[in-house]
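Chains as they are written, first to last, in this note's numbering: chain P, 21 to 154; chain D, 21 to 154; chain H, 21 to 154; chain G, 21 to 154.
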């Protein structure tokens with residue numbers, strides 16, 4: 021599991037007074053950085069080999085401005101060329117959001133999915149979600 | 021079905037040269053405005069009675085800066101107090117994104133779901149997705 | 021002058037109930053699209069030759085969700101390699117925001133400013149702000 | 021001076037491969053949080069008494085994804101009811117952005133500027149920019 025602390029910004033709120041649901045994909049993307057580094061140590065966008073296929077996100081509780089949040093990032097499935105990343109936003113010990121993102125190892129030149137190298141699979145496996153957490 | 025034209029902005033792109041996946045929830049929210057008006061004609065945030073419970077979004081093709089997109093918005097399910105909104109982003113006649121958002125009719129004072137009034141159900145029903153489109 | 025209609029999105033608001041000041045640079049960038057087309061007709065990011073040097077933005081009145089805004093875009097100065105773009109956000113006949121952005125014609129390979137070609141200067145000149153508007 | 025570390029997110033980039041200029045007002049707003057706390061310790065949006073009147077931002081160098089940035093926040097002027105906040109974005113020891121934001125102590129009920137209490141002026145004064153830095 022990876023853990024990232026995020027301090028919500030005023031611009032992350034909306035007129036209902038809480039954090040806008042539209043910010044969560046950005047927070048999740050930010051918190052996937054250690055996963056991205058498995059594929060490109062220096063995070064060079066010109067050598068990017070990941071494409072996002074899907075995300076689904078459940079909103080369980082309001083998130084408030086003025087209190088830090090913690091994003092937990094797990095690997096929940098490792099396929100041939102794709103992986104599922106399960107992420108949660110916690111605030112004040114309440115799980116406020118949970119979502120899963122499907123990423124595909126992708127060759128932008130060939131425009132097709134490519135297998136995840138064994139070495140990277142190993143790294144991902146070290147962050148597989150334990151059964152009881154899911 | 022509701023239809024909204026969106027002109028992608030340069031700030032909607034990311035370093036991969038295409039529209040960032042993180043923008044889609046914003047576009048979808050913008051394109052749900054006619055649905056929002058069923059619940060609050062004047063769109064007054066102080067009288068808001070909708071809460072977002074979930075969305076899942078599939079990314080089917082790249083979206084490019086420099087070409088308008090069309091967002092199609094359908095109602096795909098009407099429950100007691102919740103509704104499913106199915107939306108698609110089309111660009112150059114290609115369906116690039118499809119997603120479903122679950123909205124709940126909600127009383128922020130009482131902090132609980134409330135039934136969708138019959139009159140609004142009728143309005144939603146007029147935008148139910150035809151079987152063949154799904 | 022160029023004119024662009026923008027329908028504010030719920031995600032553009034913040035917890036004060038109005039449009040967040042942080043959205044204005046995005047709206048202005050979107051409304052500069054016709055200027056961008058003078059430099060790249062097809063708006064291809066790979067052939068981009070503009071860099072933003074500065075903007076200053078004054079906030080004169082609140083902008084509300086639920087009402088369209090109009091962005092006016094003028095050229096206020098044409099230099100050797102730079103230009104000043106003056107933009108205003110109007111809502112319900114009230115000027116809510118006014119700002120000026122300095123753009124530089126720029127060669128990203130050579131990493132230096134380059135002169136604005138005469139043909140483009142002519143196109144910009146056609147949109148110079150009239151004295152009385154400033 | 022206040023200092024905040026920000027890890028750029030992939031969604032902060034644009035198609036030119038660097039951080040979008042449109043993100044900077046959000047980063048600056050985030051880094052003004054200690055200033056906001058002078059006016060509302062618990063950062064409660066319902067008791068907000070600040071309004072943004074203006075910002076001007078100069079872009080001096082590209083900001084890259086994959087490297088943390090530091091935002092420096094100074095007070096550069098304290099008026100009767102307004103204050104100027106000078107902020108800088110540094111990345112890899114290069115000053116990439118510098119900007120000044122004018123905030124006004126504001127009563128949203130009365131819809132007018134109100135004096136900055138002496139106690140808060142004292143707190144702001146402790147963060148006045150030293151002459152040599154400007």
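Note that beta-carbon positions come from the ideal geometry of N, C-alpha and C, so glycine has one too.
Query - Cβ neighbours of residue 148/H in the same chain (closer than 8 Å, five flanking residues each side left out) - result: 94, 95, 96 and 98
Query raised in the report: Would residue 33/H count as contacting chain G if we go by Cβ distances under 8 Å?
Result: no
Query raised in the report: Any C-beta of chain G sitting closer than 8 Å to the C-beta of residue 115/H?
Result: no
Query raised in the report: With respect to the beta strand (DSSP E) encompassing residue 16/G, which residues constitute its N-terminal and C-terminal limits?
Result: The displayed coordinates of chain G run from 21 to 154. Any statement about residue 16/G would go beyond what the structure contains.
Report task. Take the Cβ of residue 61/P as the centre, count every other Cβ of all protein chains shown within 10 Å, and call the residue buried at 16 or more, exposed below. Result -> exposed
Query raised in the report: For residue 126/P and chain G, any beta-carbon pair shorter than 8 Å?
Result: no
Query raised in the report: Counting only beta-carbon atoms, is residue 112/G nearer than 8 Å to chain H?
Result: no
Query raised in the report: What is the DSSP secondary structure of residue 146/D, counted as helix, strand or coil?
Result: coil
Query - Collapsed DSSP secondary structure at residue 51/D in the structure displayed - result: helix
Query - Range of the contiguous beta strand (DSSP E) that encloses residue 97/D - result: 89-98
Query raised in the report: Is DSSP giving residue 21/P helix, strand or coil here?
Result: coil
Query raised in the report: Who are the near neighbours of residue 25/D in its chain, counting only those whose CB is closer than 7 Å to its CB and skipping five residues on each side?
Result: 88 and 90
Query raised in the report: Can you tell me the Cα-Cα spacing of residue 67/D and residue 76/D, whole angstroms?
Result: 27 Å
Query - Candidates 129/P, 103/P, 38/P and 132/P: closest to residue 56/P by CA position - result: 103/P
Query raised in the report: Around the C-beta of residue 52/D, are 16 or more other C-beta atoms found within 10 angstroms, so that it is buried, or is it exposed?
Result: buried
**Report entry** Residue range of the beta strand (DSSP E) that includes residue 107/G
**Finding:** 102-111
Query raised in the report: According to a CB-to-CB cut-off of less than 8 Å, which residues of the segment 135-153 of chain H neighbour chain D?
Result: none
Query raised in the report: Under a three-way DSSP split, which group does residue 114/P fall into?
Result: strand
Query raised in the report: So with Cβ pairs under 8 Å, would you call residue 54/H a contact of chain D?
Result: no
Query raised in the report: What are the residues of the segment 61-78 of chain D that lie near chain P, defined by any Cβ-Cβ distance shorter than 7 Å?
Result: 65, 68, 72, 73, 74, 75, 76, 77 and 78
Query raised in the report: Between the beta-carbon of residue 70/D and the beta-carbon of residue 123/D, is there less than 8 Å?
Result: yes
Query - Any C-beta of chain H under 8 Å from that of residue 27/D - result: yes
Requested in this report: For chain G, find out if any of its Cβ atoms is closer than 8 Å to the Cβ of residue 50/P; answer yes or no.
Outcome: yes
Query raised in the report: What residues in its chain sit with their C-beta under 7 Å from that of residue 72/H, if we drop five residues either side in the sequence?
Result: 121 and 123
Query raised in the report: Helix, strand or coil: how does DSSP classify residue 32/P here?
Result: helix
Requested in this report: Select from 136/G, 84/G and 139/G the residue whose C-alpha is nearest the C-alpha of residue 114/G.
Outcome: 84/G
Requested in this report: Note down, in chain order, every chain P residue with its Cβ under 8 Å from the Cβ of residue 99/G.
Outcome: Under the 8 Å cutoff, chain P gives no residues; its nearest Cβ is about 22 Å from residue 99/G.
Query raised in the report: Cβ of residue 40/D less than 8 Å from any chain G Cβ?
Result: yes
Query raised in the report: Are the beta-carbon atoms of residue 145/P and residue 50/G separated by less than 8 Å?
Result: no
**Report entry** CA-to-CA distance, residue 143/P to residue 21/G, given in whole angstroms
**Finding:** 40 Å
Requested in this report: Would you verify that the beta carbon of residue 36/P is, or is not, closer than 8 Å to some beta carbon of chain D?
Outcome: yes
Query raised in the report: How about residue 59/H: is its C-beta nearer than 8 Å to some C-beta of chain D?
Result: no
Query - Chain-ordered neighbours of residue 94/P on chain B, where CB pairs are closer than 9 Å - result: In the structure shown, chain B does not exist; the protein chains are P, D, H and G.
Query raised in the report: Hey, how far is the Cα of residue 100/P from the Cα of residue 150/P?
Result: 21 Å
Query - Of the listed residues 74/G, 36/G and 140/G, nearest to residue 40/H (C-alpha basis) - result: 74/G
Query raised in the report: Secondary structure at residue 121/P, three-state DSSP: helix, strand or coil?
Result: strand
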